[in-house]
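Report on the structure given below.
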Amino acid sequence: MKQHIQTWLKQHAQAFFFSLGQYIKNPINNILTTVVIGISLAFPAGFYVFLNNIQIMSANWDKTIEINLFLDTTINEQQANDFANRILKRDDIAQTILIKKDAALAEYKKLSGFEDALNVLNENPFPNVILVRPVSKNINEAKTKKLIGDLEIMPEIDNLQYDNTWIKRLVHIIDIVKLVILILSTLLAIAVLLIIGNTIRLSIYNYRHEIEITKLFGGTDSFIQRPFLYTGVWYGVFGSTIAWFLIAVSIQILNEPIKNLSALYASNFNLTGLGITNTLRLFAIGILLGLFGSWVSVKRHLDAIEAN
Amino acid sequence: MIQFTNVFMTYPSGNKALQNINLNIDNGEMVYVSGRSGAGKSTLLKLINLIDRHTRGQIIVKGQNLERIKRNRVPIFRRNIGFIFQNHRLLNDRTIFDNVALPLVIAGNDHQEIKRRVHAALDKVDLLSKINSYPMELSGGEQQRIGVARAVVNRPAILLADEPTGNLDPTLSWEMMKLFEQFNQVGVTVLIASHELDMIKNMKKRIIILNKGQITNETDAPHGLTLN
Chain X
5 MKQHIQTWLK
15 QHAQAFFFSL
25 GQYIKNPINN
35 ILTTVVIGIS
45 LAFPAGFYVF
55 LNNIQIMSAN
65 WDKTIEINLF
75 LDTTINEQQA
85 NDFANRILKR
95 DDIAQTILIK
105 KDAALAEYKK
115 LSGFEDALNV
125 LNENPFPNVI
135 LVRPVSKNIN
145 EAKTKKLIGD
155 LEIMPEIDNL
165 QYDNTWIKRL
175 VHIIDIVKLV
185 ILILSTLLAI
195 AVLLIIGNTI
205 RLSIYNYRHE
215 IEITKLFGGT
225 DSFIQRPFLY
235 TGVWYGVFGS
245 TIAWFLIAVS
255 IQILNEPIKN
265 LSALYASNFN
275 LTGLGITNTL
285 RLFAIGILLG
295 LFGSWVSVKR
305 HLDAIEAN
Chain D
3 MIQFTNVFMT
13 YPSGNKALQN
23 INLNIDNGEM
33 VYVSGRSGAG
43 KSTLLKLINL
53 IDRHTRGQII
63 VKGQNLERIK
73 RNRVPIFRRN
83 IGFIFQNHRL
93 LNDRTIFDNV
103 ALPLVIAGND
113 HQEIKRRVHA
123 ALDKVDLLSK
133 INSYPMELSG
143 GEQQRIGVAR
153 AVVNRPAILL
163 ADEPTGNLDP
173 TLSWEMMKLF
183 EQFNQVGVTV
193 LIASHELDMI
203 KNMKKRIIIL
213 NKGQITNETD
223 APHGLTLN
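Which chain is which? The protein sequence lines are X and D, in order.
Note that this note's numbering has the first sequence beginning at 5, numbered continuously upward.
Note that this note's numbering has the second sequence beginning at 3, numbered continuously upward.
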């Protein structure tokens, strides 16, 4: 039994190094194939990184929702100020900003160009407004709902607005984009399978003579298959490496402009790369595709070669 | 060692390659199969190492009924048999060492054992000096001897050769036959298909003559045999 396992391991090691040797012996063709596989893998992985970054970015936005409290018009500035300070004591409110109705009127006059029309009115139509920023740490939908519910029933408040519908829309758009990416990734995975399968098919054809001889001298199917399966694995490993480099380089190129852009929005957003877990995932997927592609090809084409 | 009982072989195309073959080759025998091309010599050999399957009758090789050997057991069965081809069929991109080592690598021997046996086999065919050469650097006769070394390196019980001297001149052919005799003398059962009747008569071994898929003549005293 021990002898059996040793032989098995030895033959695996032989196939492992033999297939690597064959890969190195024929560099131009293999590199071209590997680059195609690498690009095919880089697209889905790149989409994933893109999506991941959007999600990180929008997660921050989700937390910074603002609630506008339009106070009852009977409430004067002093009362509005007291009210703002009172609700600030709640532990789910981080900040309150009072926009006095005079200031609002002045700003509106300046920005709208309706100054003359507004001068005709003898009283200020604007209410006092308080901008409320909830505490962003540990926020979730239930907490936000409770805060809004509590505020709504306060008699000082005439009307309350919080606009996060666009964030909800963004979440839905991201869901759709995710699906599109999933479909594209599936298609590209199939492309990788076909590329590897076809490459292995050609390789089997090139080794036809050797396969026949090996069968005549008692080579089992698994013995003959092994180098081809390992070749598929090598394509997966090298293809994933290329994909990883393509993504790393792209992030390097994009990071600086995106930093500049986010600085304009007073944010210090940084692009997030693949990280260790996703790099391992990329390699696992590459290797599995390589193995599966070569396995299908070997099953289809190796049986057709009989000793004669 | 090899026993044919009422064996028929009809190819899917309808070609009746062998008809009602009865044959018994003992352990350690050296036997020639002769006949014109198309007489069924190659088919006979191919049935023994399961390249083709016979369609009727019974073949027993080394105590095994060939009908009972399932597809996945064929490789293990073939390791008992060394095969030599007319056109040597060496792998041109591998060294002589790698070519001869192939059956040992397939069987999963360790490196020391492979090295030792390849050296021994090449020494037997007198080509140890070519161990690091490539097949294309060798003459036709040398290539054929490498083919023999590859066939015997795994110490098979049976050696089959299909027109092994087909591409060689008479002197080299005779040397090749003498080489087979040496292996036979150490106990290997040898079966050689050859159409060169005049030469093999001189080997003074049993000769089986095939004609149109049937055994027409068989004798231990080959004088007076003719191909007709």
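All C-beta atoms in this analysis are idealised placements derived from N, C-alpha and C, irrespective of residue type, glycine included.
All figures in this text were calculated on a predicted structure; none of them were measured in a lab.
Residue i burial status per 10 Å Cβ neighbour count (16 or more: buried)
i              : result
residue 118(X) : exposed
residue 86(X)  : exposed
residue 19(D)  : buried
residue 73(X)  : buried
residue 187(X) : exposed
residue 236(X) : buried
residue 16(D)  : exposed
residue 248(X) : buried
residue 124(X) : exposed
residue 127(D) : buried
residue 16(X)  : exposed
residue 51(D)  : buried
Residue i - DSSP class collapsed to helix/strand/coil
i              : result
residue 308(X) : coil
residue 165(D) : coil
residue 69(D)  : helix
residue 289(X) : helix
residue 211(X) : coil
residue 137(D) : helix
residue 159(X) : coil
residue 30(X)  : coil
residue 220(D) : strand
residue 233(D) : Only positions 3 to 230 of chain D appear in this structure, which leaves residue 233(D) out of reach.
residue 55(D)  : coil
residue 131(X) : coil
residue 41(D)  : coil
residue 15(D)  : coil
residue 137(X) : strand
residue 84(D)  : strand
residue 125(X) : coil
residue 72(X)  : strand
residue 205(D) : coil
Neighbouring residues, chain D, relative to residue i (Cβ below 8 Å)
i              : result
residue 220(X) : 51, 53, 80, 85
residue 223(X) : 77, 108
Cβ neighbours of residue i in the same chain (closer than 7 Å, five flanking residues each side left out)
i              : result
residue 67(D)  : 60
residue 50(X)  : 251, 254
residue 308(X) : none
Contact set for residue i: own chain, Cβ-Cβ below 6 Å, skip 5 residues either direction
i              : result
residue 12(D)  : 18, 57
residue 179(D) : 205
residue 205(X) : 301, 305
residue 32(D)  : 186, 192, 207
Interface partners of residue i on chain D, CB under 9 Å
i              : result
residue 232(X) : By Cβ distance, chain D contributes nothing, its closest Cβ being about 16 Å from residue 232(X), past 9 Å.
Close-in-space but distant-in-sequence residues of the same chain around residue i (CB under 8 Å, 5 per side omitted)
i              : result
residue 246(X) : 38, 39, 41, 42, 43, 45, 46
residue 97(D)  : 133, 134, 135, 136
residue 161(X) : 73, 74, 75, 76, 155
residue 21(X)  : none
residue 241(X) : 287, 290, 291, 294
Residues that residue i contacts on chain D, provided the C-beta gap is smaller than 7 Å
i              : result
residue 227(X) : 108
residue 15(X)  : 110
residue 214(X) : 93
residue 11(X)  : 110
Residue i: CB within 6 Å of a non-hydrogen atom of the ligand GTP
i             : result
residue 98(X) : Among the components modelled here there is no ligand, and therefore nothing to report on the ligand GTP.
Contacts of residue i in chain X (Cβ-Cβ under 8 Å)
i              : result
residue 104(D) : 217, 218, 221
CB-CB length for residue i against residue j, believed under 8 Å
i              : j              : result
residue 164(D) : residue 47(D)  : 5 Å
residue 197(X) : residue 295(X) : 10 Å between Cβ atoms; not a contact.
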